[in-house]
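In numbering that gives the first Met the number 0, the protein residues as written are 0 to 414. So the structure is just underneath, and the comments pick up after that.
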Amino acid sequence: MEQIRQTVEASSLEKCKEILWNRYGKNYKIIDYRTDTRKGFLHLREHPVTVVTYTETHPQNFNPEYVITSEREEYRDQKSREQILQNSNSILINSQLNQISQMKDSVVSSVQQISELKDELTKKIQEISAGTGDKHPTIKHIEELLSQNDFSYDFINSINDKINKEFSLDQLKDAELVERYVVDWIGEEICIAPKKVFRPPHVFIIVGPTGVGKTTTLVKLAAQFIKSYVPEHNGEKPRLCFITTDSMRVGALEQLERWGSHLNSPVYKAERPEDLKTLYDQYRNDVDAVFIDTSGYSPNDATHIAQVKEVLSVQGMNPDIYLAVMASTKTRDLQNIMQNYELFGYKSVIITKCDESGQFGNVISVLSEKHKEVAYLTHGQVASRDITEASVVEFLKRLEGFKIDRVHIENKFGE
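Listed below in structure tokens is the structure:
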């Protein structure tokens, strides 16, 4: 017997099944269903509607001699006609009730959508008002100073939020007071790496993109190590060795060998993890520190960066890994570099070529965002000296345009 196909609509398949159960109990069979997208009340937001195609099943009343075709919608038996009429009335009533229920759900949904639209519109109006409204001259002045120092947009907004929370309109008249607080807030965002505990053989590794001066910085780091080691060991000089894993840059080994000769320290080359492990195992008991140089690649070259990581994966070496970045690097590029070198597990950053940049807001902003410590600043080309331990005071002294209270920041952030 070809059975009559009917449809029912609701907000979900489960809702449709619930409606069918209330109508027929178990006496129905789902043939197909689909989900459409329809306009809501007042043609606002669209919402999904599930349409279920089904047939009735009447195990108690079913008679196989009744036949229904698409061309002829009548039954041979009057009893069946009466049953169909009864069922049709029931279906009509239930359909009307279902439509009323759906209309109710649609109205409720539309009211909710209108409420959400109202909230979004209110938020947008507030944002537009905040962006186009007249800002206090002191706040504008602070924004200009922060932009001048190349702080990121997000960092500037966070400072503005603090100003609005901490200062009344009368207090904002005192621009010097606000500047002093802003300088303090900047200083509080700078995290300085603590001094490393010496553990021979102490392994230092510098990673970073090409062109940041990793090799020169590594030699400067070695010179800094010697400078701090000698006074603590009764004038005895440490035993050092250098290892380069840089197989890409022409002259990388020769450059390091020149510096190694100047520091009376041997230089070795390792291109594979097993090479580095062999060298480390061979000299770990004969030296106080090992300084490892690495290849530089574009920060977006994930394949080669991963290869560098693989070469450095020597069990038991436990190195201090530093990421080297140039002070003049743009904020977005700094964010990208720090993110892509996360696989090395570095905790500290060395800011290189500080003599080539006058603004450090970009560095402060990204270090704060990434929750990274800064260990050293390098400047100039003299490898035996041009490196200093990072300090909050040093960063704050370099702020352009701000009136820096040297005594105050020394007392607050100095050692």
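A virtual CB, placed ideally from N, CA and C, is assigned to each residue, including glycine.
Taking C-beta separations shorter than 8 Å and ignoring five residues to either side along the sequence, the partners of Ser327 in its chain run Lys352, Glu355, Ser356, following chain order. When Asp300, Gly360, His370 are compared, the shortest CA-CA separation from Asn339 is found for Asp300.
With respect to the 8 Å criterion, Ala221 and Phe290 are classified as neighbours on the basis of their beta carbons.
Annotated as proximal: Thr49 and Leu12, with beta-carbon spacing under 8 Å. Inside the stretch 196-272, DSSP marks whole beta strand (DSSP E) runs of 3 or more residues at positions 201-206, 239-243, 266-268, from first to last along the chain. Within the stretch 308-365, the runs of beta strand (DSSP E) that reach at least 3 residues and sit entirely inside it are, in chain order, 319-325, 347-351. DSSP links His46 through a beta bridge to Arg37. The alpha-carbon of Asn263 is positioned some 9 Å away from that of Cys240. Under a 10 Å Cβ-count criterion, Pro136 is classified as exposed, with fewer than 16 other Cβ atoms of the shown protein chains found around its own Cβ. Residue state for Asp31 is assigned as strand, using DSSP reduced to three classes.
With respect to the 8 Å criterion, Thr216 and Tyr296 are not classified as neighbours on the basis of their beta carbons. In the DSSP assignment, Phe290 falls within the beta strand (DSSP E) that extends over 288-292. Taking each of Cys15, Glu165, Tyr32 in turn and checking the Cα distance to Gly24, the smallest one comes out for Cys15. Looking from the CA of Asp280, the closest CA among Gly400, Val202, Gly360 belongs to Val202.
Residue Pro318 holds the alpha-carbon nearest to the alpha-carbon of Phe197 among Pro318, His370, Ile162. If you draw a straight line from the Cα of Val392 to the Cα of Ser114, it comes to about 51 Å. When the beta-carbon positions are compared, Ile336 and Lys219 stay at least 8 Å from each other.
For Ala389, there is no enclosing beta strand (DSSP E), as DSSP marks it with neither H nor E.
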